[in-house]
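Take a look at the structure below.
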Amino acid sequence: MSNFLKVILLLFGTSCFVSAQSTSIHWLSIDSLNEKYKQSPKKILFEVYSKDCHYCHDFEEKVLKNQWLAQYINDTYYAVKLDAFDKAPINFAGHLYQSKDGMNPLASYLLKGVIKFPTIVFIDEQLKLLNYLQGYNDVVKTEMAMRYFGDNAYKTIAWPTYQQTFQTKTH
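In structure tokens:
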């Protein structure tokens, strides 16, 4: 095989590998979120999970790694993973959340007392908790909720109407 052909095959193989790499979500720590939010307010997405939750790991691997969805999250939200049982104090939105028992109080607040993992929580630019999507949902249902809040459809369209007219972009 000539050197020229080897170079062409190498370049082609490299470009295929690079284009096949998927976009991943840029997860922020709470401290990074606080800094970025101060500089430029943006919607926030929390993934509340438990390290021991099998469904949480599957959800991350099979749903949140969808390339289109990951890019949408990066463009639209500040994304934060929150282990509901992390005992470290958390300073968010001017409040200090300190765990006194098993569950972190920020997780309790975000989940509104209904503990189910994984849960995606949507917060607007004014730090108002909009709503959440609980449990393992497929890519399309997750995308639907992400776009409902991310595109501000919730301000003008009722959820049942949005569900009926929704067209996915993740396929």
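In our numbering, the protein residues as written are 1203 to 1373.
Built from N, CA and C at the ideal position, the CB exists for glycine as well.
All values derive from a computational prediction rather than experimental measurement.
Assigned with DSSP and collapsed to three states, D1285 falls in strand. Secondary structure of L1271 (DSSP, three-state): helix. The residue among Q1365, Q1366 and T1225 with its C-alpha nearest the C-alpha of Q1269 is T1225. K1245 is positioned such that its CB atom lies closer than 8 Å to that of G1352.
The alpha-carbon of N1293 is positioned some 7 Å away from that of I1232. By the criterion of a C-beta distance shorter than 7 Å, K1253 is surrounded in its chain by D1285, once the five residues flanking it on both sides are discounted. In this structure, L1271 lies near T1344, with their beta-carbon atoms less than 8 Å apart. Taking a cut-off of 8 Å for Cβ pairs, the stretch 1235–1244 and the stretch 1296–1306 do not touch, as fewer than three such pairs fall below it. Between C1258 and F1324, the CB-CB gap reaches or exceeds 8 Å.
F1248: member of the beta strand (DSSP E) spanning K1245 to Y1251, first to last residue. Q1336 is bridged by DSSP to T1321.
The residues F1324, D1326 and F1351, in chain order, have a CB closer than 6 Å to that of L1332 in the same chain once the five nearest residues on each side in sequence are set aside. The C-alpha of R1349 is placed about 33 Å away from the C-alpha of G1304. Residue burial annotation: V1316 is exposed, with fewer than 16 other C-beta atoms found within 10 angstroms of its C-beta.
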